[in-house]
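Comments concern the structure below.
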Amino acid sequence: MTDVEHLLAVAGRAREQMPPPGDARYEQYCGALADRLTEAWPTVLTANAADVGRAAATGMGPALLDRLSLGDQHLRALLGLAERTRTALPAVTAPAAGHRAGNGTLVRRVPKPVGVALMIYEARPTVTVEGALLPVATGNVVVLRGGSEIAGTNQALGDAVDKALADAGLPAGAAQIVTDPDRKVVRALLRRHDAVDVLIPRGSPTLIDYCRTSSTIPVIASGGGVNHLYVDRSADLDLAARIALDSKLAEPTACNTLELVLAHAEVAGELVGRLVDAGDGSGEPWLLRVDPRLNASVPAGAAVAELAGTDDGREFLERSVGVRPVAGLDDAVQHIRRFGSGHTEGVVATDQGVVDAFVSRVDAAALVVNGSLRLHDGPTMGLGPELSISTGRLHVRGPVDLSALLTYSWVIDAAGTLRGGSEPA
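See the structure below:
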């Protein structure tokens, strides 16, 4: 089993040796990582093909296999991420100008790294690169533990990361990738609140709940993506159908995709037909799950499945969308409060009163009005590179961008000022 004591000792030494946020070596690291990934990509693809082959042999489904698989398009995306990170760093890490307090002192904040981050995640090997890039570029040290199903891929990616750290003159232990499949390693890491400052799980609700309940390390958790779209009776139904399908079919396993359409009962039947028509033009197979109360509205010959009562609160990690009728906004809000995961919720309506009420009453990390739920994404929202999407309420909610990987020290330039005993507390 991996020597966790040694692993964390290396991380601790690297933390002490890391230059402060804003140091030029972090921008150099972004460029070096892009170069090393490009150089290593043929080796990475070979290792990834072996991982995917083993996963397929165990009976893993097509959607999950797709999450494991890498291609040249992923390299292009990662190179773009490295460049956007490099470009964003100066503004994110710049000290604030500060302000003058009433006693004449200058009070300002300077950015500091959060410290040592532990990322535990499943499936997507691109997360390995994201985890080795964004935290390190902001001065943090990171320990990455991906799923055993991508161990070979992660080993190859880890070699590229190690070389990039050396190229940029950063400590060798700034990013460590754990490929040991033994779950005892995870349990041992989760107990080390003395050596790990923040825990960032990415994956299934089961994984995230396990991390939350098995550790006292502060958590930035993405949570499950049990997301809904309320379609009001005032909605443009053709637009609603396009929004629903765009919110799911392109990235069926992503955390910001749609699971269930909650349609006003007055338009739910008609919406089923619009969804079938819109889906027929998608060119790829998908499945519409229909509440039994809407069976009479299904067009003849359409391939649908029954939406069961047990499907509420479930993530469909496949190209499928469910439709359930609701009495109106009140019913939709109650359903979301009971079954939603607090990630992304949407509304389609032309009635501004309905939109305002939805935004006021529904609580999630992002609320999307008349648009695709997949718009909940840091770069798409103009927030820059993101590591994950947080459903928590403290520190960060929504896209975990570069600024969320920093904390601050208050600097008080006192110039000899004393507090004294007469000042109000």
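Following this note's numbering, the numbering of the sequence shown begins with 631 at its first residue and continues without gaps.
The beta carbon of each residue, even a glycine, is placed where N, CA and C say it ideally should be.
Since we're looking at a predicted model, the values are computed, not measured.
Residue i - DSSP class collapsed to helix/strand/coil
i: residue 650; result: coil
i: residue 636; result: helix
i: residue 935; result: strand
i: residue 1055; result: Low per-residue confidence applies at residue 1055: pLDDT is 46, beneath 50, and the placement is therefore not dependable, though the value from the model is reported in the following sentence. Residue 1055: coil per DSSP, three-state reduction.
i: residue 1048; result: coil
i: residue 930; result: coil
i: residue 908; result: helix
i: residue 1029; result: strand
i: residue 1043; result: strand
i: residue 765; result: helix
i: residue 879; result: coil
i: residue 1094; result: There is simply no residue 1094 to check, as the chain begins at 631 and stops at 1055 in what is shown.
i: residue 753; result: coil
i: residue 884; result: coil
i: residue 779; result: helix
i: residue 760; result: helix
i: residue 944; result: coil
i: residue 900; result: helix
i: residue 913; result: coil
i: residue 790; result: helix
i: residue 644; result: helix
i: residue 924; result: helix
i: residue 631; result: coil
Spatially closest choice to residue i from the options, by CA coordinates
i: residue 906; options: 688, 895 and 918; result: 918
i: residue 670; options: 794, 775, 717 and 760; result: 794
i: residue 1047; options: 755, 696, 737 and 650; result: 737
i: residue 807; options: 866, 934, 692 and 760; result: 760
i: residue 935; options: 688, 943 and 925; result: 925
i: residue 912; options: 930, 893, 1050 and 873; result: 873
i: residue 835; options: 780, 894, 1042 and 972; result: 972
i: residue 994; options: 1016, 1005, 981 and 1022; result: 1022
i: residue 946; options: 1034, 694 and 800; result: 694
i: residue 1038; options: 1013, 723 and 884; result: 723
i: residue 705; options: 674, 727 and 692; result: 674
i: residue 879; options: 914, 854 and 898; result: 914
i: residue 802; options: 770, 830, 824 and 889; result: 770
i: residue 658; options: 752, 714 and 788; result: 714
i: residue 821; options: 909, 843 and 804; result: 843
i: residue 862; options: 787, 958 and 942; result: 958
i: residue 1044; options: 731, 798 and 900; result: 731
i: residue 884; options: 847, 845, 832 and 898; result: 832
i: residue 982; options: 1050, 956 and 865; result: 865
i: residue 754; options: 681, 800, 719 and 740; result: 681
i: residue 819; options: 1012, 636 and 1031; result: 636
i: residue 765; options: 792, 797 and 805; result: 805
i: residue 779; options: 789, 792 and 758; result: 758
i: residue 855; options: 992, 969 and 740; result: 969
i: residue 796; options: 1040, 648, 1009 and 817; result: 648
i: residue 1034; options: 634, 849 and 750; result: 849
i: residue 1030; options: 741, 709, 809 and 852; result: 852
i: residue 1007; options: 838, 991, 985 and 877; result: 877
i: residue 653; options: 721, 980, 747 and 891; result: 721
Beta-bridge pairing of residue i - partner residues as DSSP gives them
i: residue 952; result: 890 and 919
i: residue 742; result: 1037
i: residue 748; result: 773 and 829
i: residue 737; result: 729 and 1042
Beta-carbon separation (whole angstroms), residue i vs residue j, contact threshold 8 Å
i: residue 768; j: residue 743; result: 6 Å
i: residue 869; j: residue 978; result: 7 Å
i: residue 928; j: residue 902; result: 6 Å
i: residue 1017; j: residue 951; result: So it is not a contact: roughly 28 Å between Cβ atoms.
i: residue 904; j: residue 867; result: 5 Å
i: residue 811; j: residue 781; result: 6 Å
i: residue 763; j: residue 711; result: 7 Å
i: residue 828; j: residue 745; result: 7 Å
i: residue 660; j: residue 697; result: So it is not a contact: roughly 25 Å between Cβ atoms.
i: residue 1028; j: residue 1019; result: 6 Å
ask   = Hey, which unbroken runs of the alpha helix (DSSP H) at 4 residues or more fall wholly within the stretch 662-735?
value = 692-698 and 702-723
key: Minimum length 4: unbroken alpha helix (DSSP H) runs contained in the stretch 799-877   = 813-820, 835-844 and 867-876
inquiry  = Runs of 3 residues minimum, wholly inside the stretch 948-1027: which ones carry the beta strand (DSSP E) assignment?
reply    = 950-956, 974-978, 996-999 and 1016-1020
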